[in-house]
Amino acid sequence: MPSRDVGGPTTMRRPEPGSGKRVVLSMLISLLAIGVGFVLLVWGAERFVLGAASTARSFGVSPLIVGLTIVGFGTSAPELLVSAVAAWNGNPGLAIGNAVGSNITNIALVLGVAALVAPLTVHSETLRRELPILLLIMMLGLVLLIDGELGRGDGLLMLLGMVLMIYWLVMLGLRSRSDPLINEFDSEMPKQMPVATSLMWLALGMVVLFVGSRILVHGAVDIATRLGVSDLVIGLTIIAIGTSLPELAATIMSAVRNEHDLAIGNVIGSNMFNMLGVMGLPGLLAPGPVDSAFLTRDYALMVGLTLALCVMAYGFRGGHGRINRPEAVLLVSVYAVYLYVIYRMST
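Quick note: the sequence shown uses the numbering used here, first residue 788, plus one each step.
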């Protein structure tokens, strides 16, 4: 055997020819996977809502109940599928970050941009009843996470809470007879289709959502590994923005069409499903510890933004609640600062 010169100078290992190009190519493929995953999630969510809403209307379900439950669930379907796939693959941080990051994005970026396009006025009493429930859900989540652990018991409680929330929304829809949301939901409901066609779109939407979530999670985890950042940070930022694209599109369109209650209702409904369903899945599938910085930075900001939304929606100075352009600029600015803080803390 050839002897090794222990005391001599060490020889620097030269990088293999073409290794840099392979890294760049791998990064580009991962970024492409993220882009393709986002596109599939947005399209799949749209088809899922179309099929589910049309099926429900075929059985005589009122537009308000369809809007409060199926549409709210459908716009959170990308987050739910991404959370389930990430947790199943052993990346619960990405799933948890997706839940809270999407809620922050929905209020600060989605509502902020929509209100910049057209200031939003709140007329609906249904929304004013939903906001305290959203805050209550967030307080429940805080109680469950304050011990620094998201366990299976916590996940089960959150998923049970989602079932109870859906039941409460159905009862709320049955009791509301003259809410402005009824007309806005009715005008946005898809045209009636045969039940077989509706079920076909529903099934296809679910399949596309699942495929898109698998592709997205694979690309996101690869990017996180190569950049040396945590799954949680990727979930709070890139994934949260991408999975909030359906809410962004729906909210801006509602604002342009002067359907202000629908624009805000999309965000409130999605955030409730995110807190209970999207947050509950990683607890059930991949229980484990929660970063303390997550509670003091990200969760606290989510609660603070929700409280600010309550103040704007209730309009305590008299009249209807309203999100004007100055408030919209403040919301978007808060989101920009938040992204900067995360960037600085992760580098």
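Every residue gets a Cβ at the ideal spot worked out from N, C-alpha and C, and that includes glycine.
Since residue 888 is in the alpha helix (DSSP H), which residue starts that stretch and which ends it?
Within the sequence shown, numbered from 1, the residue matching residue 888 stands at position 101. Its alpha helix (DSSP H) spans residues 879-891.
Is it the case that the Cβ atoms of residue 1068 and residue 874 are separated by a distance below 7 Å?
Within the sequence shown, residue 1068 is the residue found at index 281, counting from 1. Within the sequence shown, residue 874 is the residue found at index 87, counting from 1. Taking 7 Å as the Cβ cut-off, residue 1068 and residue 874 qualify as a contacting pair.
Does the beta-carbon of residue 953 have 16 or more other beta-carbons within 10 angstroms, so that it is buried, or is it exposed?
As a first step, residue 953 is located in the sequence shown; it is residue number 166 there, counting from the start. Buried.
Using the DSSP secondary-structure output, state which residues sit across from residue 909 in a beta bridge.
On the sequence shown, position 122 is the one that residue 909 refers to. Answer is 1108.
Measuring alpha carbon to alpha carbon, tell me which residue in 1060, 1122, 1009 is nearest residue 865.
Against the sequence shown, residue 865 aligns to sequence position 78. Comparing Cα positions, the closest option is 1060.
Do you know how far the Cα of residue 808 is from the Cα of residue 837?
Residue mapping note: residue 837 aligns to position 50 of the sequence shown, counting from 1. Residue mapping note: residue 808 aligns to position 21 of the sequence shown, counting from 1. If you take the alpha carbons of residue 837 and residue 808, they lie about 43 Å apart.
To the nearest angstrom, how far is the alpha carbon of residue 1127 from that of residue 1024?
Working through the sequence shown from its first residue, we reach residue 1127 at position 340. Working through the sequence shown from its first residue, we reach residue 1024 at position 237. Spanning the two alpha carbons is a distance of roughly 11 Å.
Nearest CA to the CA of residue 1114: which residue from 901, 811, 911?
Working through the sequence shown from its first residue, we reach residue 1114 at position 327. Nearest option by C-alpha distance: 901.
On the criterion of 16 or more Cβ atoms from any shown chain inside 10 Å, does residue 934 qualify as buried, or is it exposed?
Position 147 of the sequence shown holds residue 934. The residue is exposed, with fewer than 16 neighbouring Cβ atoms inside 10 Å.
Whose C-beta lies closer than 7 Å to the C-beta of residue 825 among residues of the same chain, with five residues either side of it excluded?
The sequence position of residue 825 within the sequence shown is 38, counting from 1. Hits under 7 Å: 1003, 1029, 1032.
So which of 908, 1120, 885 has the shortest CA-CA distance to residue 1020?
Residue 1020 sits at position 233 when you count from the first residue of the sequence shown. Among 908, 1120, 885, the Cα nearest to that of residue 1020 belongs to 885.
For residue 1064, which residues of its own chain have a beta-carbon under 6 Å away from its beta-carbon, when the five flanking residues on both sides are left out?
For the purposes of this step, residue 1064 is taken as residue 277 along the sequence shown, with counting starting at 1. The answer, listed in chain order, is 867, 949.
Excluding the 5 residues preceding and the 5 following residue 897 in the sequence, name in chain order all residues of the same chain whose CB lies nearer than 7 Å to its CB.
The count along the sequence shown starts at 1 and reaches residue 897 at position 110. Result list for residue 897: 1031, 1034, 1035, 1038, 1054, in chain order.
Quick test of the definition: if touching needs 3 or more C-beta pairs under 8 Å, does the segment 816-834 touch the segment 986-1006?
The segment 816-834, when compared against the segment 986-1006, does touch it at the 8 Å Cβ threshold.
So what's residue 935 in DSSP terms, helix, strand or just coil?
Stepping through the sequence shown from its first residue, residue 935 is reached at position 148. Coil, per DSSP.
Report the rounded CA-to-CA distance for residue 1000 versus residue 1017, giving the unit in angstroms.
Stepping through the sequence shown from its first residue, residue 1000 is reached at position 213. Stepping through the sequence shown from its first residue, residue 1017 is reached at position 230. So the alpha carbons of these two residues sit roughly 19 Å apart.
Skipping 5 residues on each side, what residues in its chain have a beta carbon closer than 8 Å to that of residue 1133?
Translated into the one-based positions of the sequence shown, residue 1133 becomes position 346. 1016, 1017, 1020, listed in sequence order.
Determine the extent of the alpha helix (DSSP H) in which residue 981 is found, giving its start and end residues.
Counted from its first residue, the sequence shown places residue 981 at position 194. Element bounds for residue 981: n/a, residue is neither H nor E.
Quick one: what's residue 1076 bridged to in DSSP?
Counting from 1 along the sequence shown, the entry for residue 1076 is found at position 289. Note: residue 1076 sits in a beta bridge opposite 936.
With a CB to CB cut of under 7 Å and the five nearest residues on each side skipped, what residues in its chain are close to residue 1070?
On the sequence shown, position 283 is the one that residue 1070 refers to. So the list reads 937, 938, 939, 941, 942, 945, once near-sequence residues are dropped.
By Cβ distance below 6 Å, which residues in the same chain neighbour residue 792 in space, the five residues on each side in sequence not counted?
Mapped onto the sequence shown, residue 792 falls at position 5. With a pLDDT of 42 at residue 792, under the threshold of 50, the modelled position of that residue is not reliable, and the figure given next carries that caveat. Cβ neighbours of residue 792 beyond the five flanking positions: none.
DSSP state of residue 802, grouped into three classes?
Position 15 of the sequence shown holds residue 802. Here residue 802 scores only 49 on pLDDT, less than 50, and its place in the model should not be relied on; the value that follows carries that caveat. Three-state result, residue 802: coil.
How many Å lie between residue 1090 and residue 821 at the Cα?
Indexing the sequence shown from 1 puts residue 1090 at position 303. Indexing the sequence shown from 1 puts residue 821 at position 34. So the two alpha carbons sit approximately 29 Å from each other.
Who are the near neighbours of residue 1101 in its chain, counting only those whose CB is closer than 6 Å to its CB and skipping five residues on each side?
Taking the first residue of the sequence shown as position 1, residue 1101 is located at position 314. Result list for residue 1101: 1108, in chain order.
Do residue 1118 and residue 895 count as a contact pair if the criterion is CB distance below 7 Å?
On the sequence shown, residue 895 is found 108 positions in, with the first residue counted as 1. On the sequence shown, residue 1118 is found 331 positions in, with the first residue counted as 1. For residue 895 and residue 1118, yes; Cβs fall inside 7 Å.
So, helix, strand or coil for residue 1045, using DSSP?
The sequence position of residue 1045 within the sequence shown is 258, counting from 1. It is coil, neither helix nor strand.
Label residue 842 either buried or exposed according to how many other C-beta atoms from any shown protein chain fall within 10 Å of its C-beta, with 16 as the threshold for buried.
For the purposes of this step, residue 842 is identified with residue 55 of the sequence shown, where counting begins at 1. Buried, since its Cβ has 16 or more Cβ neighbours within 10 Å.
For residue 800, does the count of other Cβ atoms within 10 angstroms reach 16, so buried, or fall short, so exposed?
Taking the sequence shown and counting its residues from 1, one reaches residue 800 at position 13. At residue 800 the pLDDT is 49, less than 50, meaning the model places this residue with poor confidence; the figure from the coordinates comes in the next sentence. Flag for residue 800 reads exposed.
With a Cβ-Cβ cutoff of 7 Å, do residue 1058 and residue 929 count as a contact?
As a first step, residue 1058 must be located in the sequence shown, where it is residue number 271. As a first step, residue 929 must be located in the sequence shown, where it is residue number 142. Taking 7 Å as the Cβ cut-off, residue 1058 and residue 929 do not qualify as a contacting pair.
Alpha carbon to alpha carbon, how far is residue 853 from residue 859? Give it in angstroms, no decimals.
Indexing the sequence shown from 1 puts residue 859 at position 72. Indexing the sequence shown from 1 puts residue 853 at position 66. Each residue's alpha carbon lies about 9 Å from the other.
Quick one: residues in its chain with C-beta nearer than 6 Å to the C-beta of residue 961, no 5 flanking neighbours on either side, listed in chain order?
Here residue 961 refers to the residue found at position 174 of the sequence shown. Excluding positions up to five away in sequence, the list is empty.
Looking only at its own chain, which residues have a Cβ that is under 7 Å from the Cβ of residue 1151, when we skip the five neighbours before and after it?
Look at the range of the chain in this structure, 788 to 1134, and you will see that residue 1151 is not part of it.
Grouping DSSP H, G and I as helix and E and B as strand, with all else coil, what is residue 847?
As a position in the sequence shown, residue 847 is number 60, starting the count at 1. Residue 847: coil per DSSP, three-state reduction.
Using the Cβ count rule (16 or more neighbours within 10 Å means buried), how would you classify residue 846?
Within the sequence shown, the letter at position 59 stands for residue 846. Looking at its Cβ environment, which holds fewer than 16 other Cβ atoms inside 10 Å, residue 846 is exposed.
Under 7 Å between the Cβ atoms of residue 856 and residue 956?
What you label residue 856 is simply residue 69 of the sequence shown in a count that begins at 1. What you label residue 956 is simply residue 169 of the sequence shown in a count that begins at 1. Yes, they are a contact pair.
Measure the alpha-carbon distance for residue 910 versus residue 1056 and round it to whole angstroms.
Stepping through the sequence shown from its first residue, residue 910 is reached at position 123. Stepping through the sequence shown from its first residue, residue 1056 is reached at position 269. The straight-line gap from Cα to Cα measures roughly 16 Å.
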